[in-house]
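Scroll down for the structure; my scribbles are underneath it.
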Amino acid sequence: MNTPISIIANALVRERQRAGLSLAEVARRAGIAKSTLSQLEAGNGNPGIETLWSLCVTLNIPFSRLLEPDARRLQVIRRGEGLTVTADLADYQAVLLASCPPGVRRD
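Read left to right, the sequence shown gives residues 1 to 107 (UniProt numbering).
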């Protein structure tokens, strides 16, 4: 279900994991109880703007990111259908199979 609190809960988990921080560390930095953050990440509770703002500052994200649903776009690229890039100075071709937005690590 995509209720506002479930979208916020998923975003909090996603952004905390992306930042590589533990639940306890985010709660400490944001000045809220660990149990409060745990409840918010579970989709329970009714957080105030101040609490959400503090979490955004702690996670270094814009407030609007908490309201973005976790949209995982999946695209299947079959053999011969991918974007092909040809080298000018060598007999070489590459096919892009996956892309990554700017600023995101890919390990």
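For each residue, glycine too, the CB sits at the ideal point set by N, CA and C. These numbers come from a predicted model, not from an experiment.
Here the C-alpha atom of R79 lies approximately 16 Å from the C-alpha atom of T86. Our two residues, A11 and D91, have alpha carbons roughly 45 Å apart in a direct line. Residue nearest to R18 within the set E81, N60, E68 is N60 (criterion: CA-CA distance). Cβ neighbours of Q39 within its own chain (closer than 6 Å, five residues either side excluded): G45.
Here I8 really is in contact with L66; their C-beta atoms are around 5 Å apart, less than 8 Å. Here DSSP, grouped into helix, strand and coil, assigns A94 to strand.
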